Amino acid sequence: MSTGLYIHIPFCKRKCNYCDFASFAGQEFLIDDYLTALKKEAALLPVHFYHTLYVGGGTPSLLSVRQLEQLFLIITTLSPSVSSFAESTFEANPESLTKEKISLLQHAGFNRFSVGLQSFDEDELRRLGRVHTADDFLRAFESLRCSGVKNINVDLIAGLPGQTLNKFLRNLEKLLALRPEHISVYGLQIEEGTAFFAQGLVCDQPLMRTMLEETRVRLVANGYHHYEISNFAQPGYESKHNIHYWQYGEYVGLGSAAASFLGGIRSQNVPDVREYIHRVSAGKSAVVFSEQLTGKALEGEKLMVGLRQLDGIELTATQWDFFGPEIEKHIQNGLLLQENKKVKLSEEGLFLANEVFYSFVAPFDEK
Ligand SMILES: C[S@@+](CC[C@H](N)C(=O)[O-])C[C@H]1O[C@@H](n2cnc3c(N)ncnc32)[C@H](O)[C@@H]1O
Ligand code: SF4
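See the structure below:
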């Protein structure tokens, strides 16, 4: 069975005001020790055939050339080379993705780059706490193209504080003009623990919905395949690594906060970077949480992850047994559609997916 490999790089130049990912600013002095710990953690993994690789963060492009070379050495202890993966994605932020790093990464075998843009508008970028300008992004994008990179994803966020529909659509049009192979558009989530949450910001949900509806209309009209709630790709450029995850495939996560799913057991590494380094260098496991999902909880999670895909999924008899009434209810209220043997989110369901997913999460009795 094929397995996805994820490597987490938790360092960032500055913490963005909306971000609750396991990433930290001002800890770059720990990167060398972190890489040593990653190497040690990798050496303890059982042998797998890894078919996709995703180096994410945090900001992997913050690593220096020397540190990237160390990272490649770690990867080659797990797989013959970076180019032997069917897809190998490197996540980058515009300000730190230099020509030198692009050439090194390409040479090592990375065949997909994912760049976080979020907005082209300087005021919006400042408000988000981003350290880059729109020009930094354009420079990075052009460098990727000049180096011959043929598979680029760009992330945008919709529903930013003070953002009008027109302003958002301008961001989208500017991005479309560059024709990246893949575009991810996320509706802003105000997460607890972020600066935005502390400022008491709230999202204008109806406006955000209009932005996301327009995104779908425009990207589809421009030849992009809407294949997952937030993801659009030119045909053939859908992310293999992420599809594997939505299809409930196995994956191994290396690094602080990284999650793994192997043999039905889901586990998570300690999120604190120092604690991760400390544990691994002392020969201890980095895992702080693990559980084996079974029965209704397992099937519910499969539905929740699988239904993110716009094509939907074919439900098993067991899944119908567990969730038949809930699924029928969502078909009747127009959030799910049943087509041939598959069940999928309707247009309406795309924007109210959490309402559907809530039915598949334990505890079940209280709903
Ligand atoms: C792993 S994160 C960050 C990747 C990279 N460090 C960056 O900042 O570009 C991937 C993407 O999730 C999105 N994202 C993160 N936090 C979000 C939030 N609170 N609401 C909506 N989108 C978010 C952003 O578009 C971001 O680029
Ligand atoms: S959005 Fe990206 S750059 Fe900003 S803090 Fe989060 S992981 Fe770091």
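Add 887 to the 1-based position in the sequence shown for our numbering, that's all there is to it. Virtual Cβ for every residue (Gly too), placed ideally from N, Cα, C. Just so we're clear, the structure is a prediction, and the values are computed from it rather than from any experiment.
Counting pairs of beta carbons, one from the segment 1102-1114 and one from the segment 971-985, are three or more of them closer than 8 Å?
Flag = no, the segment 1102-1114 and the segment 971-985 do not touch.
Using only the heavy atoms of ligand 1, determine whether one of them is closer than 8 Å to the beta carbon of E1078.
In the sequence shown, the residue the question calls residue 1078 occupies position 191. Taken from the Cβ of E1078, at least one heavy atom of ligand 1 lies inside 8 Å.
Selected residue, minimal CA-CA separation from N839, among L1202, G1187, F1119 and L1239:
An answer regarding residue 839 cannot be provided, because it is not within the stretch 888 to 1254 covered by the chain.
Confirm the yes/no value for this check: CB of F908, any heavy atom of ligand 1, distance under 8 Å.
Against the sequence shown, residue 908 aligns to sequence position 21. Yes.
Would you check if the distance between the CB atom of G891 and the CB atom of T939 is smaller than 9 Å?
Taking the first residue of the sequence shown as position 1, residue 891 is located at position 4. Taking the first residue of the sequence shown as position 1, residue 939 is located at position 52. In this structure, T939 lies closer than 9 Å to G891 by Cβ.
Candidates S889, C903, S910 and L1222: closest to D1159 by CA position
Residue mapping note: residue 1159 aligns to position 272 of the sequence shown, counting from 1. For the residues S889, C903, S910 and L1222, the minimum Cα distance to D1159 belongs to S910.
Segment contact flag, the segment 1044-1060 with the segment 984-995, C-beta cutoff 8 Å, min 3 pairs
Touching, no.
When DSSP labels each residue in this structure, what does G891 get in the three-state scheme?
What you label residue 891 is simply residue 4 of the sequence shown in a count that begins at 1. DSSP, read as helix, strand or coil, puts G891 in strand.
Quick one: what does DSSP say D1008 is sitting in, helix, strand or coil?
Mapped onto the sequence shown, residue 1008 falls at position 121. Assigned with DSSP and collapsed to three states, D1008 falls in coil, not helix or strand.
Validate contact between the segment 926-940 and the segment 964-977 using beta carbons, cut 8 Å, 3 pairs:
With the cut-off at 8 Å, the segment 926-940 and the segment 964-977 touch.
Would you call the segment 1059-1070 in contact with the segment 1192-1210, where contact means no fewer than 3 C-beta pairs closer than 8 Å?
Taking a cut-off of 8 Å for Cβ pairs, the segment 1059-1070 and the segment 1192-1210 do not touch, as fewer than three such pairs fall below it.
Which ranges would you report for the beta strand (DSSP E) in the segment 1021-1105 if only whole runs of at least 3 residues count?
Secondary structure remark: continuous beta strand (DSSP E) runs of at least 3 residues inside the segment 1021-1105, in chain order: 1039-1045 and 1069-1074.
How is A1247 classed by DSSP in three states: helix, strand or coil?
What you label residue 1247 is simply residue 360 of the sequence shown in a count that begins at 1. The sequence shown places Phe at residue 1247, rather than the Ala named in the question. In this structure, F1247 counts as coil in the three-state DSSP scheme.
When you compare only the Cα positions, how much space is there between R999 and K1127?
Here residue 999 refers to the residue found at position 112 when the sequence shown is read from its first residue. Here residue 1127 refers to the residue found at position 240 when the sequence shown is read from its first residue. R999 and K1127: Cα-Cα distance of roughly 11 Å.
Under 6 Å Cβ to Cβ from E1115, same chain only, skipping five residues before and after it: list those, please.
By 1-based counting over the sequence shown, the position of residue 1115 is 228. Closer than 6 Å at Cβ, skipping near neighbours: R1195 and Q1196.
Reduced DSSP category for E1125 - H, G, I as helix; E, B as strand; rest coil:
Walking along the sequence shown from the start, residue 1125 turns up at place 238. Coil at E1125, not helix or strand.
Just reading off the beta strand (DSSP E) that R836 is part of, what are its end residues?
Because the chain here runs from 888 to 1254, residue 836 falls outside it and cannot be looked at.
Would L991 and E1029 be called neighbours here (beta carbons separated by less than 9 Å)?
As a position in the sequence shown, residue 991 is number 104, starting the count at 1. As a position in the sequence shown, residue 1029 is number 142, starting the count at 1. In this structure, the beta-carbon distance from L991 to E1029 does not fall below 9 Å.
Limits of the unbroken beta strand (DSSP E) element including G1187:
Against the sequence shown, residue 1187 aligns to sequence position 300. Under the DSSP assignment, G1187 falls outside any beta strand (DSSP E), being part of the alpha helix (DSSP H) whose first and last residues are G1182 to G1193.
Please report the straight-line C-alpha distance between M1098 and E1125, rounded to a whole angstrom.
The residue you call residue 1098 lines up with position 211 of the sequence shown. The residue you call residue 1125 lines up with position 238 of the sequence shown. The alpha-carbon separation between M1098 and E1125 amounts to approximately 22 Å.
Between A924 and V1167, how many whole angstroms is the CB-CB distance? I'm expecting something under 8 Å.
By 1-based counting over the sequence shown, the position of residue 924 is 37. By 1-based counting over the sequence shown, the position of residue 1167 is 280. The C-beta separation of A924 from V1167 comes to about 4 Å, placing the pair in contact by the 8 Å criterion.
Do you know how far the Cα of N1058 is from the Cα of R1105?
Numbered from its first residue, the sequence shown carries residue 1105 at position 218. Numbered from its first residue, the sequence shown carries residue 1058 at position 171. It is roughly 12 Å from the alpha-carbon of R1105 to the alpha-carbon of N1058.
Which one of S966, F1238, S951 and S1246 has the shortest CA to CA distance from E1100?
Translated into positions along the sequence shown, residue 1100 becomes position 213. For E1100, the closest C-alpha among the options S966, F1238, S951 and S1246 is that of F1238.
Minimum C-alpha distance to R1153 - residue among I1164, Y1138, G1035 and A1021:
The residue you call residue 1153 lines up with position 266 of the sequence shown. Selected option, being the one with the closest Cα: Y1138.
Tell me whether E978, by its Cβ, gets closer than 8 Å to a heavy atom of ligand 1.
By 1-based counting over the sequence shown, the position of residue 978 is 91. Result yes, Cβ under 8 Å from ligand 1.
With a threshold of 8 Å (Cβ to nearest heavy atom), would G1046 be considered close to ligand 2?
Numbered from 1 along the sequence shown, position 159 holds the residue referred to as residue 1046. Between ligand 2 and the CB of G1046, the shortest heavy atom gap is not smaller than 8 Å.
Given 8 Å as the limit, tell me if G1110 has its C-beta closer than that to any heavy atom belonging to ligand 2.
In the sequence shown, residue 1110 corresponds to position 223, counting from 1. No, the Cβ of G1110 stays beyond 8 Å of every heavy atom of ligand 2.
Roughly how many angstroms separate the alpha carbons of Q1086 and S1006, rounded to a whole number?
Taking the first residue of the sequence shown as 1, we reach residue 1086 at position 199. Taking the first residue of the sequence shown as 1, we reach residue 1006 at position 119. Distance between the alpha carbons of Q1086 and S1006: 20 Å.
Answer with buried or exposed for F1119, where buried requires no fewer than 16 other C-beta atoms within 10 angstroms of its C-beta.
Counting from 1 along the sequence shown, the entry for residue 1119 is found at position 232. Burial call: buried.
Give the DSSP-derived three-state secondary structure of T946 in the structure shown.
Start at 1 with the first residue of the sequence shown, and residue 946 comes out as number 59. T946: coil per DSSP, three-state reduction.
Here's the rule I'm using: 16 or more other beta-carbon atoms within 10 Å means buried, otherwise exposed. How should C899 be labelled?
To locate residue 899, count along the sequence shown from 1; it is residue 12. Buried, since its Cβ has 16 or more Cβ neighbours within 10 Å.
Option nearest G1074 by Cα separation, candidates G1080, R1066, L1190 and L1094:
For the purposes of this step, residue 1074 is taken as the residue at position 187 of the sequence shown. The shortest C-alpha to C-alpha distance from G1074 to any of G1080, R1066, L1190 and L1094 is the one to L1094.
Taking DSSP as the reference, what is the three-state secondary structure of F1148?
In the sequence shown, residue 1148 corresponds to position 261, counting from 1. In the three-state reduction of the DSSP assignment, F1148 falls in the strand class.
If I follow the unbroken beta strand (DSSP E) through G1142, where does it start and stop?
Numbered from its first residue, the sequence shown carries residue 1142 at position 255. The continuous stretches of beta strand (DSSP E) do not include G1142, and DSSP gives it neither H nor E.
Grab me the residues of S1177's own chain with a C-beta within less than 8 Å of its C-beta, minus the 5 sequence neighbours each way, in chain order.
Along the sequence shown, one-based indexing puts residue 1177 at 290. Here the set comprises I1152, R1153, S1154 and Q1155.
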